[in-house]
Structure formats: C-alpha cells, structure tokens
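Asks: Please read through the structure below; I'll follow up with questions.
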Amino acid sequence: MELNMYRRDVYNKLLNKTCICILFTILGMLTGIFFIPPALAFASMLFIVVAFIAILFMRKAKLL
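This is the structure we're talking about:
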C-alpha cells in the first residue's frame, strides 16, 4: 500500500514538471514568433517531444 502511494506521489510530481515544461515551451514558441523565427522550429519540436512524454506519463498514472 505504501509503495503504491509513493509511486502516485512520484507520478504527480513528474506530471507537474511536464505541465511546467509545456507552459515554458508555449511561452518559448510565443517569444519565437515575435523575436526569433528560427527558434520557433526548435520550440515546436521540443513541444511535440514534451507532449509525447506527458501522454506516456498520464497513461502510466491511469494504470496505477
């Protein structure tokens, strides 16, 4: 029981971190649009990777 609670706590922390990462990538994309166009390509690529990781963590969290 304690191990399950610990796992859920770890997953919640990871989900919070991924949400923060997504927010930062969105901010990065917005600043890329206004200031540096080449940065937009990198930000969008990073956003796709972060979104994919977030989906994987959400699936694992639902399985617990």
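Going by our numbering, the letters in the sequence shown line up with residues 1 to 64, in that order.
We treat Cβ as the ideally placed atom computed from N, Cα and C, and that holds for glycine.
By a C-beta neighbour count over all protein chains shown, 10 Å radius and 16 as the cutoff for buried, is A41 buried or exposed?
Replies: As a first step, residue 41 is located in the sequence shown; it is residue number 41 there, counting from the start. With fewer than 16 other Cβ atoms within 10 Å, it is exposed.
Asks: Tell me, to the nearest whole angstrom, how far the beta carbon of A61 is from that of Y11; I am working on the premise that it is less than 8 Å.
Replies: Numbered from its first residue, the sequence shown carries residue 61 at position 61. Numbered from its first residue, the sequence shown carries residue 11 at position 11. At roughly 5 Å, the Cβ-Cβ gap stays under 8 Å, so A61 and Y11 are in contact.
Asks: Tell me the rounded alpha-carbon separation between C130 and A51.
Replies: Given that the chain is displayed from residue 1 to residue 64, the structure contains no residue 130 and the question cannot be resolved.
Asks: For A43 and Y6, what's the separation of their Cα atoms in angstroms?
Replies: Translated into positions along the sequence shown, residue 43 becomes position 43. Translated into positions along the sequence shown, residue 6 becomes position 6. Answer to the nearest angstrom: the Cα atoms are 33 Å apart.
Asks: Compare the C-beta of A61 against all C-beta atoms of chain D and say whether one is closer than 9 Å.
Replies: Considering every chain present, this structure includes no chain D. It has just one protein chain.
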